[in-house]
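Q:
Numbering (our numbering), first residue to last: 1 to 248.
#1: Whole angstroms are fine: how far does the CA of residue 233 sit from the CA of residue 112?
#2: Go ahead and pull the three-state DSSP assignment for residue 25.
#3: Bridge partners of residue 174, per DSSP?
#4: Suppose contacts are defined by Cβ-Cβ distances below 9 Å. Is residue 153 in contact with residue 132 by that definition?
#5: Can you find at least 3 beta carbon pairs, one from the region 193-206 and one from the region 94-108, that sit closer than 8 Å?
#6: Going by other Cβ atoms of all chains shown within 10 Å of its Cβ, with 16 needed for buried, is residue 196 buried or exposed?
#7: Taking all protein chains shown into account, decide if residue 193 is buried (16 or more other Cβ within 10 angstroms of its Cβ) or exposed.
#8: Between the Cα of residue 73 and the Cα atoms of 66, 86, 34 and 56, which residue gives the shortest distance?
#9: Taking the CB atoms as reference points, tell me whether residue 38 and residue 176 lie closer together than 9 Å.
#10: Taking residue 84 as the reference, which of 207, 226, 14 and 199 has the closest Cα?
#11: Is the region 18-31 in contact with the region 225-241, if contact means three or more CB pairs nearer than 8 Å?
#12: Thinking C-beta only, is residue 166 closer than 9 Å to residue 140?
#13: Are the CB atoms of residue 89 and residue 71 within a distance shorter than 9 Å?
#14: Among 94, 53 and 61, which one has its Cα closest to the Cα of residue 6?
#15: Between residue 11 and residue 91, which are expected to be in contact by the criterion C-beta below 8 Å, what is the C-beta distance as a whole number of angstroms?
#16: Out of curiosity, what's the CA-to-CA distance linking residue 106 and residue 96?
#17: With burial defined as no fewer than 16 other Cβ atoms inside 10 Å of the residue's Cβ, what is the status of residue 53: buried or exposed?
#18: Hey, could you find the ends of the beta strand (DSSP E) residue 161 is sitting in?
#19: With a 10 Å radius around its C-beta and 16 neighbouring C-beta atoms as the bar for buried, classify residue 4 as buried or exposed.
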């Protein structure tokens, strides 16, 4: 079984976010980048398939050379080969088209993507990728088992969970729960040294049209001042909630 794990290169959640060029560009200065958490759950599950079932696990990213340290980390965790599509990731459709070409060229049976990246939270790429490939698709996936050409998955739905079966080829949108957080892997020195010798292949992009463009970024409004209320003074609390906060 050949597995392709899609890796997004995203800012660490502790990073301070700023914008430049009239709030039209993300300012990367001083920002630490990491593997997108949803993708990291997927990569860890793929490593289980590699160790238990002998799967081949490759990772892919659409982006410039600045994303290669993130791909190297994925290799250090245990992926066999990394692929970087040499073009900035500008919108979900463009990324899905570029990933689809990699999947077709590589003959992958299973594509594991995060349900969304934590930077733009678009949540579009896995579904569009499955549509372009005409492959089965399971989103919000929190459990995955593969037996031959059949997959059994558990996904979150409103108010509960749903068990599904599907045939390969399959695209999943994974998330927290696909593996336990305690199972996530930190690259050790041996893995880091091996990653330096593993292939990181740079491929040129297809001519994919971009469907959207960024007009402007805007930060959330700052939080207002906090008022402390005597817990015994319920009348004042009700008055503030009703007349000032307009919450009741």
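Every residue gets a Cβ at the ideal spot worked out from N, C-alpha and C, and that includes glycine.
A: In terms of the structure at hand:
#1: 54 Å
#2: strand
#3: 114 and 141
#4: no
#5: By the C-beta criterion, the region 193-206 is judged to be in contact with the region 94-108, since at least 3 inter-stretch pairs fall below 8 Å.
#6: exposed
#7: Counting the other CB atoms within 10 Å of its CB gives residue 193 a total below 16, which places it among the exposed residues.
#8: 34
#9: yes
#10: 199
#11: By the Cβ criterion, the region 18-31 is not in contact with the region 225-241, since fewer than three pairs of Cβ atoms, one from each stretch, lie closer than 8 Å.
#12: no
#13: For residue 71 and residue 89, no; Cβs fall outside 9 Å.
#14: 61
#15: Incorrect: roughly 18 Å between the Cβ atoms, too far for contact.
#16: 15 Å
#17: exposed
#18: For residue 161, the enclosing beta strand (DSSP E) covers residues 160-167.
#19: buried
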